[in-house]
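Participant: Okay, so the sequence shown: first residue is 109 according to the numbering used here, each after it adds one.
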Amino acid sequence: MTAPPLIQYGVAIDPNEMVEPPDPEELAIDPKTPGIDDPEYMRRRRWIFQLTRKHRLERLGPPLFDYTPEETALWKDVSGRLHELHEKHACQMYLKAKHDLAITEDAIPQMRHLSDRLRQETQTHLVPAEGSLAYRTFYEYIAERGFPVTQFLRHPSHPEFTPEPDMIHDCLGHVPPFMSRDYAEVITLIGKAAATTHDGEHILLLKRFSWFSIEFGLIEEHGDTRVFGAGILSSTGEIPNSLYSKDVSRRPFVTETVIHTDYDPTYMQKDLFVIPSLPFLRQEAENLVRRLGIEVAS
Ligand SMILES: [Fe+2]
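1. Starting from V186, trace the alpha helix (DSSP H) in both directions and tell me its first and last residue.
2. Quick check: the Cα distance between A405 and M201, rounded to an integer number of angstroms?
3. Using 7 Å as the cut-off, classify the Cβ of P273 as near or not near the heavy atoms of ligand 1, replying yes or no.
4. For D307 and I322, what's the separation of their Cα atoms in angstroms?
5. Taking DSSP's pairing of strands, which residues face H233 in a bridge?
6. In angstroms with no decimal places, state the Cα-to-Cα distance between T177 and A251.
7. Going by other Cβ atoms of all chains shown within 10 Å of its Cβ, with 16 needed for buried, is Q231 buried or exposed?
8. Looking at ligand 1, does it come within less than 7 Å of A302, judged from the CB to the closest heavy atom?
9. Grab the span of the alpha helix (DSSP H) containing T296 for me, first residue to last.
10. Does the distance between the C-beta of E323 and the nearest non-hydrogen atom of ligand 1 fall short of 7 Å?
11. In whole angstroms, what is the alpha-carbon distance linking G401 and H310?
12. Taking the Cβ atom as the reference point for each residue, do A205 and F317 lie within a distance shorter than 8 Å?
13. Is the beta carbon of G281 within less than 7 Å of some heavy atom of ligand 1?
14. Among the candidates I115, H221, P387, Q391, whose CA atom is the shortest distance from the CA of P284?
15. Look at the alpha carbon of K315 and the alpha carbon of D145, and state the distance between them as a whole number of angstroms.
16. For the beta strand (DSSP E) containing T374, list its first residue and its last residue.
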């Protein structure tokens, strides 16, 4: 009897791709990406792709960048608007971490400096990434307490939209929570489990656990629902959508439900889950890994 196919984003996938993912050497860009017809922008994207890929593969840490005036103007615009929303809707852990890391709208932070600070605080670090990495490759770095981050910026014609993670998403969404010990341990455990297992289905279930928490999680705080997932924190549209839209369901985070819920990353999210606390999430991650029977090295 053959096993039922694994479904991701509504389509059947090859489990082997989860276990032995491809690693493209050239920038492959979605045709819907704003800026694809702007030769200057694409030249810079290709240059950043090659530089950050080299730094990743040679384990050199994030390169330092001289950001252009256009990139800085874009950062100021988007991060300024996000900052106002964060003050109102982000969870306390995030606000404190962003403040402690001195991430402001005044200048684009250098990932290298943020990485040094995370190393001191939670023994984690940032890995330069040329773009989205295949899930297992991504989690192999996380298993070593490194988080892959991009350093290019989206095209200024669409300041609120990027079809793939960019500097704004990674720096404002993913980096600050790494200042939290519980958060760092949850993600490291998921990384170790995904890097250890040879079962494509396990990797898919871990990916969903991560998507509905690290990427799109909400958190309960003093009787209020606050934002904690990176995909929400880095989007001026997703913050109000996640908290107030009538089209969004906000259910308590029940791991069994979460790992069996498919999602589509290309649309505004309609299924969200609320965690009661970060220690709860850490416990749930430990239980899940144990239940899947994945033996992770401590
Ligand atoms: Fe993300």
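Cβ atoms here follow ideal geometry from the backbone N, Cα and C, with glycine treated the same way.
Bear in mind that the values here come from a model prediction, so they are computed numbers and not experimental data.
Facilitator: So, from the listed chains and residues:
1. Here residue 186 refers to the residue found at position 78 when the sequence shown is read from its first residue. Counting along the chain, the alpha helix (DSSP H) containing V186 begins and ends at 177-197.
2. Position 297 of the sequence shown holds residue 405. Position 93 of the sequence shown holds residue 201. The C-alpha of A405 lies about 28 Å from the C-alpha of M201.
3. If you number the sequence shown from 1, residue 273 lands on position 165. P273 Cβ: within cutoff of ligand 1.
4. Translated into the one-based positions of the sequence shown, residue 307 becomes position 199. Translated into the one-based positions of the sequence shown, residue 322 becomes position 214. Cα to Cα, D307 sits roughly 22 Å from I322.
5. The residue you call residue 233 lines up with position 125 of the sequence shown. Answer is G254.
6. In the sequence shown, the residue the question calls residue 177 occupies position 69. In the sequence shown, the residue the question calls residue 251 occupies position 143. Residue identity check: residue 177 is Pro in the sequence provided, not Thr. Near 36 Å, if we compare the C-alpha coordinates of A251 and P177.
7. Here the question's residue 231 lines up with position 123 in the sequence shown. Exposed, by the Cβ-count rule.
8. Here residue 302 is taken as the residue at index 194 of the sequence shown, counted from 1. Between ligand 1 and A302, a heavy atom-to-CB distance of less than 7 Å is absent.
9. By 1-based counting over the sequence shown, the position of residue 296 is 188. Note, T296: alpha helix (DSSP H), 289-304.
10. Working through the sequence shown from its first residue, we reach residue 323 at position 215. Relative to ligand 1, the nearest heavy atom lies less than 7 Å away from the CB of E323.
11. In the sequence shown, the residue the question calls residue 401 occupies position 293. In the sequence shown, the residue the question calls residue 310 occupies position 202. For G401 and H310, the distance between alpha carbons rounds to 10 Å.
12. One-based indexing of the sequence shown puts residue 205 at position 97. One-based indexing of the sequence shown puts residue 317 at position 209. Not a contact, by the Cβ cut-off of 8 Å.
13. The sequence position of residue 281 within the sequence shown is 173, counting from 1. For ligand 1, at least one heavy atom lies less than 7 Å from the Cβ of G281.
14. For the purposes of this step, residue 284 is taken as the residue at position 176 of the sequence shown. Per the Cα distances, H221.
15. Taking the first residue of the sequence shown as position 1, residue 315 is located at position 207. Taking the first residue of the sequence shown as position 1, residue 145 is located at position 37. K315 and D145: Cα-Cα distance of roughly 33 Å.
16. Within the sequence shown, residue 374 is the residue found at index 266, counting from 1. Per DSSP, T374 belongs to no beta strand (DSSP E) and is neither H nor E.
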